[in-house]
Amino acid sequence: MQSKISLTPASYMIERKGETTMHQLIQIFSWALLIGSSHIALAHNHADAEAEVLGLDELTDAFGWDFDSTNIVTEKVAEGLYVLFGVGGNIGVSLGEDGVLIVDNQFPQVMDKIEAAIAEIGGNGVDYAINTHWHFDHAEGNNALGPKGTTIVAHKNARIDMARGGIVNLVISKYDQQPYPKKALPVFTYDDRMQIHFNDNEIELFHFSPAHTNGDTAVIFRKQNAIHLGDVFNNSGYPFVDVDSGGGIDGMITFCERALAELGPEAIIIPGHGPVTDASALSRYIYMLKTVRSRIAAMIEDGKTIQEVVDAKPTSDFDAVYGPETASLGFVNRVYTSLSQQ
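For the sequence shown, this note's numbering assigns the number 14 to the initial residue and increments by one for each residue that follows.
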């Protein structure tokens, strides 16, 4: 069912005024650390070309992540459905008589804590793990779960990227993600749509379009009217459009719109990062994406350089909700790059 939500610029800011979350503050602080440690100015029009390539240890230091001190926080969002918050992307957990199915899995360094949190809500190990995409902060836990016998599922393009590894261009820095060994790779993949019948639930996997990457998966839990969108929807700041991995702003808009059309207005929306929210928040996010895309496209049409577009601050009226943009992974830079490649 299509969620019928329309917003004007004025109503957008009224509905969201003053809603800065702790997740946003943590993200802003983390990226301030990363910018400082890399000595890279985000506004520089060649930031992505000059960015330093980091390994995992260097990246976690830059983020200020501490695997040892991190606690896993559990939130029950519906009967049989939970979200775990820790280091990296949010983990969705389906728990029932068939066992445990999770969406995304963070890092091997915190897997003992993740499994302990699952045990506390009645689970015993992880039977299935769905990866929403190939990025390290959502799929690195495959390296711990795969050898234990967990069945891993992802879009076919995500598996390809995991198998070959490569540079994740974060604009202000780059991460050299290593190829995953065979036991950490998805064993089930799909093209556009897949169903898993588990825990008395129809769990649907959709790949609506390239968006955050070229291999994104949205996971819908029909019984709970809930969806996990991975990093296609960031509820803690501006999104990262991984253009180098086949992502694009137009695809991100399409992906979010089609996801919203699959759900009712009372749907539970689980983002890749940030707090669990609702369909209205996703609708506002789509409005932001479309507005910023339109502004940047117009400036490209006028012949503006990437630096001129950054300097024009096309996100300024959204920064109170998603920003500051300078604490993002080059959102304006990536939208400009995405549109320039069309």
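Beta carbons: idealized from backbone N, C-alpha and C, even for Gly.
Practice item. Tell me whether residue 352 is buried or exposed, calling it buried when 16 or more other Cβ atoms sit within 10 Å of its Cβ. Key: Around the beta-carbon of residue 352, 16 or more other beta-carbon atoms lie within 10 Å, marking it buried.
Review point. In whole angstroms, what separates the C-alpha of residue 105 from that of residue 113?
Key: Going by C-alpha positions, residue 105 is about 10 Å away from residue 113.
Point to revise | Simplified DSSP state of residue 300, which is helix, strand or coil | key: Looking at residue 300 - three-state DSSP - the assignment turns out to be helix.
Practice item. Confirm, please, whether the CB-CB distance from residue 120 to residue 77 is below 8 Å. Key: Taking 8 Å as the Cβ cut-off, residue 77 and residue 120 do not qualify as a contacting pair.
Check your understanding: Three-state secondary structure (DSSP) at residue 335?
Key -> Residue state, collapsed to three classes: helix.
**Study point:** Same chain only: Cβ atoms within 8 Å of residue 259, ignoring 5 sequence neighbours per side
**Key:** Taking residue 259 as the centre and dropping the five residues before and after it, the same chain places the C-beta of 170, 223, 226, 227, 228 closer than 8 Å to its C-beta, in chain order.
Review point. Which of the three DSSP states, helix, strand or coil, is assigned to residue 343?
Key: Look at residue 343 here: in three-state DSSP terms it is coil, with no helix or strand label.
Check your understanding: Below 8 Å, can you find three or more Cβ-Cβ pairs linking the stretch 180-197 to the stretch 267-283?
Key -> Segments in contact, no.
Exercise for review: Starting from residue 94, trace the beta strand (DSSP E) both ways and give me its first and last residue.
Suggested key: Per DSSP, residue 94 belongs to the beta strand (DSSP E) from 94-98.
Review point. For the candidate residues 146, 335, 140, whose alpha-carbon lies nearest to that of residue 157?
Key: Residue 157 has its Cα closest to that of 140, out of 146, 335, 140.
Check your understanding: Residues bridged to residue 241 by DSSP?
Key -> Note: residue 241 sits in a beta bridge opposite 232, 283.
Review point. Should the stretch 311-319 be regarded as contacting the stretch 232-252, the criterion being three or more beta carbon pairs within less than 8 Å?
Key: Too few Cβ pairs lie closer than 8 Å, so no.
Check your understanding: Assuming residue 152 and residue 118 make a contact with CB atoms under 8 Å, what is their CB distance in whole Å?
Key -> Contact between residue 152 and residue 118 holds, with the beta-carbon distance rounding to 7 Å and staying under 8 Å.
Exercise for review: Report the rounded CA-to-CA distance for residue 357 versus residue 290, giving the unit in angstroms.
Suggested key: Residue 357 is absent from the model: the chain starts at 14 and stops at 355.
Exercise for review: Provide the residue span of the alpha helix (DSSP H) that contains residue 129, from first to last.
Suggested key: Run containing residue 129: 124-133, per the alpha helix (DSSP H) assignment.
Exercise for review: Check residue 64 in the structure and name its three-state DSSP category.
Suggested key: Residue state, collapsed to three classes: coil.
Practice item. Identify which residue in 334, 292, 343 has its Cα closest to the Cα of residue 8. Key: This structure gives no information on residue 8, because the portion of the chain shown stretches from 14 to 355.
Check your understanding: Where DSSP assigns a beta bridge to residue 208, which residues make up the other side?
Key -> Paired residues: 217.
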